[in-house]
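To start, the structure itself, in structure tokens.
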Amino acid sequence: MGTIAFLDWVSIFLIASLIYLAYIDLRTFRLPDAITLPLIFFGLLFNGLISQGFAAFKDAVIGMILGYVSLWAVNCLYRTFKKQDGIGMGDAKLLAALGTWFGWSALPSILFIASITGLIGGFIWLQQKKHNHYSVFPFGPFLAIAGIIELLWPQILQTPSINNPA
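In this text, residue positions in the sequence shown follow the numbering used here: the first is 5, and each later residue adds one.
Structure below.
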């Protein structure tokens with residue numbers, strides 16, 4: 005099996021995992037450790053062993069840490085003011101997994117795309133379910149969408165350089 009075929013299979017595995025996690029989160033409001041933790045492990049393994057991985061191993065480790073800590077910190081801040089959780093730690097683990105697969109530098113794009121799609125999706129969710137803006141809705145599907153976009157179109161949010169126009 006050639007390198008290109010292997011990378012295709014890895015991409016299919018990652019996309020299938022993200023779609024499955026999105027489905028579970030939409031139905032149960034949970035992102036199970038039985039899927040998110042192995043996804044973190046396989047992201048580290050893939051980028052650690054494959055020279056043509058999606059990110060350097062060091063960037064994957066930093067991405068894992070920053071992915072988890074960023075959503076954990078947002079939740080801590082929210083909990084300080086609202087006295088309840090605002091985001092699940094399954095979401096933090098999923099962002100950590102995406103950080104292991106794509107490296108820390110992809111996290112701002114992933115969070116931006118997930119936030120925009122989540123804003124739109126949340127509005128639709130609340131309208132369909134006839135809830136108010138205090139109702140909860142799952143964020144994992146939007147992280148999954150952002151991860152798939154990052155995999156398939158990694159330069160979608162990059163702007164052309166001023167010094168080197170396209």
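By construction, the Cβ of each residue, glycine as well, lies at the ideal position given by its N, Cα and C atoms.
Practice task
Let me know the alpha helix (DSSP H) ranges lying completely inside the segment 108 to 160, each 4 residues or longer, listed in chain order.
Solution key: Correct list: 111 to 133 and 144 to 156.
Practice task
Determine the direct distance from the alpha carbon of isoleucine 114 to that of arginine 31, and round the result to whole angstroms.
Solution key: Distance from the CA atom of arginine 31 to the CA atom of isoleucine 114, rounded to whole angstroms, is 23 Å.
Handout entry: Contact the segment 67 to 86 vs the segment 25 to 41: 3+ CB pairs below 8 Å
Key = With the rule of 3 Cβ pairs closer than 8 Å, the segment 67 to 86 does not count as touching the segment 25 to 41.
Handout entry: Spatial distance of proline 142 from isoleucine 120 (CA atoms)
Key = Roughly 14 Å separates the two Cα atoms.
Handout entry: Nearest neighbour of alanine 100, chosen from Gln159, Ile16 and Pro112 [CA to CA]
Key = With distances taken between Cα atoms, alanine 100 lies closest to Pro112.
Problem - Span of the alpha helix (DSSP H), counted from its first residue to its last, around isoleucine 44 - result: Residue range 37 to 53 is occupied by the alpha helix (DSSP H) that includes isoleucine 44.
Practice task
Tell me where the alpha helix (DSSP H) around arginine 83 begins and ends.
Solution key: Its alpha helix (DSSP H) spans residues 61 to 86.
Practice task
Could you check what DSSP says for arginine 31 in three-state terms: helix, strand or coil?
Solution key: In the structure shown, arginine 31 sits in a helix (DSSP, three-state: H, G or I).
Practice task
Using three-state DSSP, classify serine 165 as helix, strand or coil.
Solution key: Reliability fails at serine 165, whose pLDDT of 43 lies under 50, so the model's placement of it is uncertain and the value that follows must be treated cautiously. It is coil, neither helix nor strand.
Handout entry: Distance between beta carbons of leucine 98 and leucine 1, contact taken as under 8 Å
Key = The requested residue 1 is not part of the displayed model; the chain covers only 5 to 170.
Problem - Supposed close pair glycine 47, tryptophan 105 - CB separation, criterion 8 Å - result: Yes, they are in contact, since the Cβ atoms of glycine 47 and tryptophan 105 sit about 4 Å apart, within 8 Å.
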